[in-house]
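>
Listed below in structure tokens is the structure:
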């Protein structure tokens, strides 16, 4: 096993409040970080998230609210931090692109690449999408709208600085072919490779003139220009965890990142721009980039312009934080698009959480109260194995089964939950098949003790296994089990009556 694990989320753009898509990425990253802390130890895992705060969209959003760009970003950053605290996101570091540690680092990168000859000045004429912060050439558009977001483009003609992206295309294609797990899932790997095979990369415009955009990091060799927001933001992954020495060599305990977790809409920037930028700096690429799918509302992608954005705060308030986390991680295999609805959350909550997990814990604790006055009985492992050999085997195999689907290259939260719930459902069936009330009536005390101890073992292992997914629930289960004497509380997940939600 590796001796460290460094995981990142994208830096979220602060021009609008976070939605389900933002929370999905951070919950997934949090789950993996928590899992790896169990495997490697707290001190060997680093989880980075943060905010992207420069660019024209931010400047315009600030102006619309009558605020300076810095005042606007300070306000919006709090919104993100409050959400992450609410959703129990256990990040180690939160980086802002307006912080001095980042802006100084970006300046250093620009100096290195300029000195190397990988940055040059040229005139740009073409089309620009403000919402996407992206330039488009005549050959890339069929009408005057952005190929990505379909919103109107602005005609731009100006002198800018360019990064020699094109000269590294062959290197990138070879690297991707030699590292089949570099881009995940497999469909995204094939998408990037096909793009590179069918298109000749153009050099990347990495500056904007101050007269058009003042809100950005100035170029050290041309203070009348600021850095393109994407070139600036991608560098956070290394600015947060390392530094350059006097010979321009980069040093970090954490790099290379073990996993960049992103949405599929920003795959090109992460799978093409970013590895080339790193290679030009003589820094190795991240070990893996995973681009997950979108959450759809009906047939449409969630977007502010369509008015179908769902608030993660509202959903977690309505259904509970852990139910919300569980739904996002369980309902769709990671990497595919999912359809979001409140009905789907209720179905998962009632079925998996109330009927299966909650019922197992509550029934078991109730039996301990009834049959043993709240004291957990003790029996030797041989008797437990003999009482339920199939369950004890599943317990021993569970950690390896989770590891086989949750870590590189799979990252499949849904499949990991399948293994946990297989054990839960087997234990619930064990109760029905054993009929402990008959053991009690027939005074089969030792058999009843072994039966209860098997269930307690299941619950302890399940609590440990679900902790990365539902940390508060895991903690509640552990507290209710107590030590020798249980401390039974209310059911973990009361069922929701659809008729009382307005959803039926």
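Residue numbers (the numbering used here): 233 to 736.
For glycine and all other residues, C-beta sits at the position ideal for the given N, C-alpha and C.
Near residue 236, which residues of its chain fall below 8 Å by C-beta distance, leaving aside the five closest residues on each side in sequence?
Position 4 of the chain shown holds residue 236. Excluding residues within five positions, the ones whose Cβ falls inside 8 Å are 272, 276, 277, 278, 485, 486, 490.
> Closer than 8 Å is the cut-off here; do at least three beta carbon pairs connect the stretch 452-467 with the stretch 538-551?
No, the stretch 452-467 is not in contact with the stretch 538-551.
> Taking all protein chains shown into account, decide if residue 483 is buried (16 or more other Cβ within 10 angstroms of its Cβ) or exposed.
Against the chain shown, residue 483 aligns to sequence position 251. Exposed is the call here.
> Measuring alpha carbon to alpha carbon, tell me which residue in 634, 619, 258 is nearest residue 650.
Taking the first residue of the chain shown as 1, we reach residue 650 at position 418. For residue 650, the nearest C-alpha among the options comes from 634.
> The beta strand (DSSP E) with residue 392 in it runs from where to where?
Position 160 of the chain shown, counted from the start, is the residue given in the question as residue 392. 386-395 is the extent of the beta strand (DSSP E) around residue 392.
> Does DSSP put residue 278 in a helix, a strand or coil?
Residue numbering aside, residue 278 sits at position 46 when the chain shown is read from its first letter. Here residue 278 sits in strand by DSSP.
> How should residue 403 be labelled, buried or exposed, when 16 other C-beta atoms within 10 angstroms of its C-beta is the threshold for buried?
As a first step, residue 403 must be located in the chain shown, where it is residue number 171. Flag for residue 403 reads exposed.
> Could you compute how far the alpha carbon of residue 390 sits from the alpha carbon of residue 291?
As a working note, residue 390 is residue 158 in the chain shown. As a working note, residue 291 is residue 59 in the chain shown. Roughly 19 Å separates the two Cα atoms.
> Give the DSSP bridge partners of residue 532, in chain order.
Within the chain shown, residue 532 is the residue found at index 300, counting from 1. Answer is 529, bridged to residue 532.
> With DSSP as the reference, label residue 684 as helix, strand or coil.
For this step, residue 684 is matched to residue 452 along the chain shown. The answer is helix: DSSP assigns residue 684 an H, G or I state.
> Report the residue from 357, 343, 358 whose alpha carbon sits nearest the alpha carbon of residue 351.
For the purposes of this step, residue 351 is taken as the residue at position 119 of the chain shown. If we check each option's Cα against that of residue 351, 343 comes out closest.
> Under DSSP, the alpha helix (DSSP H) around residue 350 begins and ends at which residues?
To locate residue 350, count along the chain shown from 1; it is residue 118. No alpha helix (DSSP H) contains residue 350, which DSSP labels as neither H nor E.
> For residue 281 versus residue 337, is the C-beta distance shorter than 7 Å?
Within the chain shown, the letter at position 49 stands for residue 281. Within the chain shown, the letter at position 105 stands for residue 337. In this structure, residue 337 does not lie closer than 7 Å to residue 281 by Cβ.
> Just mark residue 317 as buried or exposed, buried being the case when its beta carbon has 16 or more other beta carbons within 10 Å.
Start at 1 with the first residue of the chain shown, and residue 317 comes out as number 85. By the 10 Å Cβ count, residue 317 comes out exposed.
> Could you tell me if residue 296 is buried or exposed, where buried requires 16 or more neighbouring beta carbons within 10 angstroms of its beta carbon?
Position 64 of the chain shown holds residue 296. The residue in question, residue 296, is exposed, as its Cβ has fewer than 16 Cβ neighbours within 10 Å.
> Going by Cα to Cα distance, which pick from 669, 717, 284, 699 is closest to residue 328?
By one-based count along the chain shown, residue 328 stands at place 96. The shortest Cα separation from residue 328 among 669, 717, 284, 699 belongs to 284.
> Name, in chain order, the residues that DSSP records as bridge partners for residue 620.
Position 388 of the chain shown, counting from 1, holds the residue named residue 620. According to DSSP, residue 620 bridges with nothing at all.
> With DSSP collapsed to three states, give me the class of residue 625.
Reading the chain shown from its first residue, position 393 is the one you call residue 625. Residue 625: helix per DSSP, three-state reduction.
> Measuring alpha carbon to alpha carbon, tell me which residue in 437, 622, 675 is nearest residue 690.
In the chain shown, counting from the first residue as 1, residue 690 sits at position 458. For the residues 437, 622, 675, the minimum Cα distance to residue 690 belongs to 622.
> On the premise that residue 240 lies in contact with residue 257, defined as a C-beta separation below 8 Å, what is that separation, rounded to the nearest angstrom?
Here residue 257 refers to the residue found at position 25 when the chain shown is read from its first residue. Here residue 240 refers to the residue found at position 8 when the chain shown is read from its first residue. With 8 Å as the limit, residue 257 and residue 240 do not qualify as a contact, their Cβ atoms being about 10 Å apart.
> Residue ranges of each alpha helix (DSSP H) run of no fewer than 4 residues wholly in the stretch 403-430, ordered along the chain?
List check, alpha helix (DSSP H) in window: 418-430.
> Can you name the residues that DSSP bridges to residue 740?
Since the displayed the chain opens at 233 and closes at 736, residue 740 lies outside it and no answer follows.
> Considering only C-alpha positions, which residue in the set 385, 375, 446 is nearest to residue 359?
Counted from its first residue, the chain shown places residue 359 at position 127. Closest by alpha carbon: 385.
> Beta-carbon within less than 7 Å of residue 657's beta-carbon, same chain only, minus the 5 sequence neighbours each way: which residues are those?
Translated into positions along the chain shown, residue 657 becomes position 425. Excluding sequence neighbours, residue 657 sits near 588.
> The beta strand (DSSP E) with residue 653 in it runs from where to where?
Residue mapping note: residue 653 aligns to position 421 of the chain shown, counting from 1. Element bounds for residue 653: not the beta strand (DSSP E) but the alpha helix (DSSP H), 645-666.
> Going by CA-CA distance only, name the one from 652, 671, 289 that's closest to residue 246.
The residue given as residue 246 occupies position 14 in the chain shown. Closest option to residue 246, Cα to Cα, is 289.
> Flag this pair as yes or no: are the beta carbons of residue 737 and residue 253 separated by less than 7 Å?
One cannot answer for residue 737 here, as it falls past the ends of the chain, which runs 233 to 736.
> Residues bridged to residue 547 by DSSP?
Mapped onto the chain shown, residue 547 falls at position 315. For residue 547, which the question treats as bridged, DSSP gives no partner whatsoever.
> Is residue 503 close to chain D? Criterion is C-beta to C-beta, closer than 7 Å.
Looking at the structure shown, chain D is missing, and only one protein chain is on hand.
> Please classify residue 642: is it buried, with 16 or more other beta-carbons within 10 angstroms of its beta-carbon, or exposed?
Stepping through the chain shown from its first residue, residue 642 is reached at position 410. By the neighbour-count rule (16 or more Cβ atoms within 10 Å), residue 642 is buried.
> Please classify residue 255 as buried or exposed, where buried requires at least 16 neighbouring CB atoms within 10 angstroms.
Along the chain shown, one-based indexing puts residue 255 at 23. When all chains shown are included, residue 255 counts as buried.
> Report, in whole angstroms, the separation of the C-beta atoms of residue 619 and residue 682, which I expect to be a contact under 8 Å.
Numbered from 1 along the chain shown, position 387 holds the residue referred to as residue 619. Numbered from 1 along the chain shown, position 450 holds the residue referred to as residue 682. At roughly 4 Å, the Cβ-Cβ gap stays under 8 Å, so residue 619 and residue 682 are in contact.
> For the ligand MG, I want to know if residue 270 counts as a neighbour, meaning its beta carbon is within less than 6 Å of at least one of the ligand's heavy atoms.
As far as ligands go, the structure on display features none, and thus does not contain the ligand MG.
> With three or more beta-carbon pairs closer than 8 Å as the criterion, would you say the stretch 406-416 touches the stretch 446-453?
No: fewer than three Cβ pairs fall under 8 Å.
> To the nearest whole angstrom, what separates the beta carbons of residue 465 and residue 315, a pair I think is in contact under 8 Å?
By 1-based counting over the chain shown, the position of residue 465 is 233. By 1-based counting over the chain shown, the position of residue 315 is 83. That belief does not hold up - the Cβ atoms of residue 465 and residue 315 are roughly 19 Å apart, past 8 Å.
> Going by Cα to Cα distance, which pick from 644, 551, 399 is closest to residue 727?
Taking the chain shown and counting its residues from 1, the one referred to as residue 727 is at position 495. The shortest C-alpha separation from residue 727 is found at 551.
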